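Comments concern the structure below.
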Amino acid sequence: MRALITMAVAAQLSGCATAWIATQAFGTQKTLDEGVREVTVPVAGIQERLAVSLPLVVEYAQVAAGSQPSTTPATALPFALSCRTDQRAKDLVYHSAFRYGKRWKWTSGLMVLVEGALAAVMLSSVSEKPGYVVGGGFLAVDALVTTGLFFIPRKEIYRHDEVTAVTPVRSDCPEGMTLAISGEKFAVDASGKIGEVGDAALDAWMSAPSGPLLLEVAGQSRAFEVGYGEQCVWLRDHHRDQPATCTASVALRSLLLSIDVPVGALTGLAVQ
Amino acid sequence: MRRMFRTVVIATLVTACGGTGPRQPQLALPRLVTSVVGQQWYRAKTTCAQGPYEIEVPAAEARWGQGVDLMLATPRKVALHAVLIVDDKEVTSTDAVFDASGRIQGKPDNARCIVDAKERLVLRTAGGNGSGPPGTPAQPGTLVVPPPDRPAPGAGLDLETGGLTGTATLLSFELPELVPGARVPRIRIRFWSIEPNDLQDVHFGVIHVIKHPNVSEEQYVAHLRWKVEEAERSRLRLIEEQRIADEDWRRKHPPRANASAVVTVHVDVEAERAREIEREAARVRREAAEAERALRRKEHCAAHPRDTGCWGAGGLEVHLDLERHRREREQYCATHREDARCWTSEDWSQRRAVWDARARSAVAPPPPPDGPPPAALVEVTPPRLSVHADWRPGYWEWTSGRWVWLAGMWRVPDEDIASEQTTTAPAAPPPVQAEVAPPSPAAAVVWIGGFWQWNSTSWVWIPGSYQLRPEPRVQWRAPEWRPRGRVHVLIPGGWVRIGGGR
């Protein structure tokens, strides 16, 4: 991995031809485009999705960077779900540009001169260190290839691609969202809190689950999948003062859930 | 000579020893002193109460000013919000927890007046069946009544006789002096608490004082006049001293002669006008040339559809195609306002304003009440449910930004249940009545269903109500009647810990 990164960095920082080869190899030729014009046409068919995360471990208030180390324990934050609403759809992107135009000619021409001059200096140096010879040789070859690239004819590009468009819309928990714990519904406020009573009910549910842990919003509902491991993570982290009664080798630190809702249900202007 | 010397010595001794004659009476400095003109003490009619209480102070025609103090004699901590109102205008207020020593930190000692995990059985409020205060529905626990302007007649105080000691001043206010002939202001003190206070042996006192001079009014007025004149003399003296000091400074620091600078500006109006005309002509020429160039370029581009300088990569064909797609996008967005990709910055800011406000209100502390709670609803305490049960009267709870009435409840000790010293009935109760819980007045309250109660002669249905959960980790367990031989014993409902236990 390290070697791969080194090679990539070297390719970008070294000669012009090497960089060009790297763009071809990694499929990033778009970076060479000049005179770019793009028109994005939305494709009909949107999905509105609410992603909710239920933390299983206690979260603590962030300590300001650079502050003195404190002996007082960090403040535990109250339990809160985190929500993210986005819209997913497809876009048709019409891309018009040309490659190897005036900017390319100027850049490659300048690089040929610079690399050629450097190669000449290094190879004609009195010091015959192997590093100088290798470096000089590399730059000479790169300058030679760049000379060839200088003469690539100008190419016009006009194409269209269908791409996935994800538009993050809001990061608060939407209105009307509830978390049903053992059949009792607890309103989730904009900051994701379910209140002290809800916290207590959730803690009791984690100790002895009864019924699904059901999230309801905009007429849709979905249950969090809570396994033994997740319960164990919750109980161990929320009851540190008590001896652990379970072991969880592999478990998540938070539960994730996505609900598709009717378009506009959570993002419409009438929603308050 | 000797005689004269002796006279001088005697006179000196007499003077030094203070003389033998009577001392001259020392004149008192004219000033205002206060006299108590009224002092009354009150006690609340009910042990647990929130108020609001109101006491009207009979204002006096006090030329030199008057003051009102609200006093408190209490054996325990009470929380109070008190305001002093003069002619319907609030002039001062206080909001704190007090004990006999005055304002203190901490919470009031009102455990027996507020909801508690040991409470059992929900009881209806009297005034049900529509006979409650105007605007209050019959269902208890669901009432959200706007605070009234004036305290209701029932929420009163009883006048106490006899002085009290160990008092603290809650509120102190001085009214400015009245202009002779002016209308006497109406002074009222209103006080209440957000939670009910335990007001057993708590007394509220109002002390009314007026100010008057310690000398005759004429002498005091003359004294005030002299003080004004003295102040004026002092002011003039200061001005004179300042003037002398200024003159002295000017004498010591004569002003230097400044060389006056003369700037002559010659303005050739005609030349300036000619230059302006020339500049304007140059601008017109430049604009005409630019327009000509633009026209020529337009003609050139129209004649050269492949010119990428004019049309970009792909020439006119691609340019037109991109324009067509741009229109496609506009058409799509015109018909899909729900698509976030089409929202303008105004659309985004409108939505974010709403969502951000909601998020802010979620993290903001709940708003305090902006006035006293409504007058307490009249409750009829139902028969005691067990031998040692205590009654916690109903009260207004400020929750989620509104007042919610929490009906009174019996606190039945566990020992009474264990020893079956609760209500007994000769037979099993009728089936439980179906109730439809009204909409919850606040998120923090929980619906407690109704139940049958035996009143020694017949069954009485006690309707359900909303109650505040005393602790997050408790839930309500419904009451039940259990057969014991030939009778049925009431096992009162109560708050039980989630996961078991009380």
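Heads up: the protein sequence lines correspond to chains R and B, in order. All residue numbers in the first sequence are consecutive under the numbering used here, ending with 256. All residue numbers in the second sequence are consecutive under the numbering used here, ending with 521. In this text, a Cβ means the ideal position worked out from N, Cα and C, and glycines have one as well. Note that the structure is a prediction, hence the values are computed from the model and not measured.
**Prompt:** Interface residues of chain B around Y78 of chain R at Cβ under 8 Å?
**Reply:** Along the first sequence, one-based indexing puts residue 78 of chain R at 94. What Y78 of chain R touches in chain B: D340, L341 and H344.
Self-check item: Members of the stretch 193 to 224 of chain B that neighbour chain R once the beta carbon cut-off is set at 8 Å
Solution: none
* Asked: Does E200 of chain R have its Cβ less than 8 Å from a Cβ in chain B?
  -> Within the first sequence, residue 200 of chain R is the residue found at index 216, counting from 1. Taking Cβ atoms only, chain B never reaches closer than 8 Å to E200 of chain R, which makes this a no.
Would you call the CB atoms of S419 of chain B and A461 of chain B closer than 8 Å?
By 1-based counting over the second sequence, the position of residue 419 of chain B is 400. By 1-based counting over the second sequence, the position of residue 461 of chain B is 442. The answer is yes: Cβ separation under 8 Å.
Checklist entry - Residue range of the beta strand (DSSP E) that F10 of chain R falls in? => result As a working mapping, residue 10 of chain R is identified with position 26 in the first sequence. Segment C0 to F10 is the alpha helix (DSSP H) holding F10 of chain R; no beta strand (DSSP E) there.
* Kindly indicate which three-state DSSP category W83 of chain B falls into: helix, strand or coil? => Residue 83 of chain B sits at position 64 when you count from the first residue of the second sequence. Three-state DSSP puts W83 of chain B in coil, outside helix and strand.
Do L314 of chain B and P324 of chain B have their beta-carbon atoms positioned less than 8 Å apart in this structure? Translated into positions along the second sequence, residue 324 of chain B becomes position 305. Translated into positions along the second sequence, residue 314 of chain B becomes position 295. Their beta carbons are not under 8 Å apart, which means P324 of chain B does not touch L314 of chain B by this criterion.
Rounded to a whole number of angstroms, what is the C-alpha to C-alpha distance between V77 of chain R and R83 of chain R? Within the first sequence, numbered from 1, the residue matching residue 77 of chain R stands at position 93. Within the first sequence, numbered from 1, the residue matching residue 83 of chain R stands at position 99. So the two alpha carbons sit approximately 18 Å from each other.
Worksheet item: Going by alpha carbons, who is nearest to L97 of chain R out of R:S175, R:R138, R:A127 and R:L236?
Response: One-based indexing of the first sequence puts residue 97 of chain R at position 113. Checked all of R:S175, R:R138, R:A127 and R:L236; the closest Cα to L97 of chain R is R:A127.
Buried or exposed by the 16-neighbour rule on C-beta atoms within 10 Å, applied to P412 of chain B = Taking the first residue of the second sequence as position 1, residue 412 of chain B is located at position 393. Per the 10 Å Cβ criterion, buried.
Margin query: Let's test the definition: count the other Cβ atoms within 10 Å of the Cβ of E311 of chain B and tell me whether it reaches 16, buried, or not, exposed.
Written below: The residue given as residue 311 of chain B occupies position 292 in the second sequence. Around the beta-carbon of E311 of chain B, fewer than 16 other beta-carbon atoms lie within 10 Å, marking it exposed.
In three-state terms, what does DSSP make of A395 of chain B? Indexing the second sequence from 1 puts residue 395 of chain B at position 376. Three-state DSSP puts A395 of chain B in coil, outside helix and strand.
**OP:** Specify, as a first and last residue, the run of the beta strand (DSSP E) that R33 of chain R falls within.
**Re:** Locating residue 33 of chain R in the first sequence gives position 49, counting from the first residue. Note, R33 of chain R: beta strand (DSSP E), E18 to P39.
- [ ] Examine chain R for any beta-carbon lying closer than 8 Å to the beta-carbon of A381 of chain B, and answer yes or no.
- [x] Numbered from its first residue, the second sequence carries residue 381 of chain B at position 362. Yes - at least one Cβ of chain R is within 8 Å of the one on A381 of chain B.
Self-check item: Sequence-distant residues of the same chain with beta carbon closer than 6 Å to C329 of chain B, five excluded per side
Solution: The residue you call residue 329 of chain B lines up with position 310 of the second sequence. Excluding positions up to five away in sequence, the list reads C320.
(Q) Suppose the cutoff is 6 Å on Cβ atoms and the five residues either side in sequence are ignored; what does the same chain contact list for Q472 of chain B look like? (A) Counting from 1 along the second sequence, the entry for residue 472 of chain B is found at position 453. For Q472 of chain B, where only same-chain residues beyond five positions count, the Cβ hits under 6 Å are V479 and I481.
Quick one: grab the DSSP three-state call for P4 of chain B. With chain B running from 20 to 521 in the structure shown, residue 4 of chain B is simply not present.
Next on the checklist: Helix, strand or coil, according to DSSP, for M95 of chain R in the structure here?
Outcome noted: Taking the first sequence and counting its residues from 1, the one referred to as residue 95 of chain R is at position 111. M95 of chain R falls in the helix class under three-state DSSP.
task: Assign L240 of chain R to buried or exposed, taking buried as 16 or more other Cβ atoms, counted over all protein chains shown, within 10 Å of its Cβ.
output: As a position in the first sequence, residue 240 of chain R is number 256, starting the count at 1. Under this definition L240 of chain R is an exposed residue.
| Contact list for the stretch 154 to 165 of chain R against chain B, Cβ threshold 9 Å | Only those residues of the stretch 154 to 165 of chain R whose C-beta falls short of 9 Å from the nearest C-beta of chain B are listed: R154, S155, D156, C157, P158 and E159.
* Tell me whether P273 of chain B is buried or exposed, calling it buried when 16 or more other Cβ atoms sit within 10 Å of its Cβ. => Position 254 of the second sequence, counting from 1, holds the residue named residue 273 of chain B. It is exposed - the Cβ of P273 of chain B has fewer than 16 other Cβ atoms within 10 Å.
Between the alpha carbons of G119 of chain R and A9 of chain R, how many angstroms are there, rounded? Locating residue 119 of chain R in the first sequence gives position 135, where the first residue counts as 1. Locating residue 9 of chain R in the first sequence gives position 25, where the first residue counts as 1. Whole-angstrom Cα-Cα distance: 23 Å.
Cβ-Cβ separation, R21 of chain R to L339 of chain B (assumed contact under 8 Å), whole Å: Taking the first residue of the second sequence as position 1, residue 339 of chain B is located at position 320. Taking the first residue of the first sequence as position 1, residue 21 of chain R is located at position 37. L339 of chain B to R21 of chain R, Cβ: 12 Å. No contact.
Practice problem: Give a yes or no on whether 8 Å exceeds the smallest Cβ distance from V337 of chain B to chain R. | Solution: Residue numbering aside, residue 337 of chain B sits at position 318 when the second sequence is read from its first letter. V337 of chain B has a beta carbon lying within less than 8 Å of a beta carbon in chain R.
Report task. Go to A322 of chain B, then tell me how far its alpha helix (DSSP H) extends in each direction, as first and last residue. Result -> Here residue 322 of chain B refers to the residue found at position 303 when the second sequence is read from its first residue. Run containing A322 of chain B: V288 to A322, per the alpha helix (DSSP H) assignment.
Checklist entry - Which two residues bound the contiguous beta strand (DSSP E) that contains S205 of chain R? => result Looking up residue 205 of chain R in the first sequence gives position 221. Q204 to A207 is the span of the beta strand (DSSP E), which, as asked, contains S205 of chain R.
Proximity below 8 Å, CB of L250 of chain R to CB of A171 of chain R
The residue you call residue 250 of chain R lines up with position 266 of the first sequence. The residue you call residue 171 of chain R lines up with position 187 of the first sequence. Their beta carbons are not under 8 Å apart, which means L250 of chain R does not touch A171 of chain R by this criterion.
query: Quick one: Cα of A58 of chain R to Cα of L103 of chain B, how far?
result: Indexing the first sequence from 1 puts residue 58 of chain R at position 74. Indexing the second sequence from 1 puts residue 103 of chain B at position 84. Approximately 45 Å between the Cα atoms of the pair.
DSSP has H227 of chain B in a bridge; who is on the other side?
Sequence index remark: in the second sequence, residue 227 of chain B carries index 208 (1-based). Paired residues: B:G57 and B:V87.
* Looking only at C-alpha atoms, which of R:C157, R:F208, R:P152 and R:L34 sits nearest to I165 of chain R? -> Within the first sequence, residue 165 of chain R is the residue found at index 181, counting from 1. If we check each option's Cα against that of I165 of chain R, R:F208 comes out closest.
task = Anything in chain B within Cβ reach of Q71 of chain R, meaning under 8 Å, just list it in chain order.
result = If you number the first sequence from 1, residue 71 of chain R lands on position 87. Within 8 Å Cβ-Cβ: D358, A359 and R360.
Buried or exposed, going by whether 16 or more other CB atoms sit within 10 Å of the CB of H222 of chain B?
In the second sequence, the residue the question calls residue 222 of chain B occupies position 203. Residue environment: H222 of chain B is assigned as buried (16 or more neighbouring CB atoms within 10 Å of its CB, all protein chains considered).
Looking only at its chain, what residues have a beta carbon closer than 6 Å to the beta carbon of A124 of chain R, apart from the 5 residues adjacent to it on each side? Counted from its first residue, the first sequence places residue 124 of chain R at position 140. Hits under 6 Å: A103.
Using CA atoms only, rank isn't needed, just tell me which of B:V515, B:R356, B:A463 and B:P385 is closest to L253 of chain R. By one-based count along the first sequence, residue 253 of chain R stands at place 269. Considering only alpha carbons, the answer is B:R356.
Margin query: Please classify Y44 of chain R as buried or exposed, where buried requires at least 16 neighbouring CB atoms within 10 angstroms.
Written below: Along the first sequence, one-based indexing puts residue 44 of chain R at 60. It is exposed - the Cβ of Y44 of chain R has fewer than 16 other Cβ atoms within 10 Å.
message = Going by beta-carbon coordinates alone, are E416 of chain B and R207 of chain B separated by less than 8 Å?
response = As a position in the second sequence, residue 416 of chain B is number 397, starting the count at 1. As a position in the second sequence, residue 207 of chain B is number 188, starting the count at 1. With respect to R207 of chain B, E416 of chain B sits apart: the two C-beta atoms are not nearer than 8 Å.
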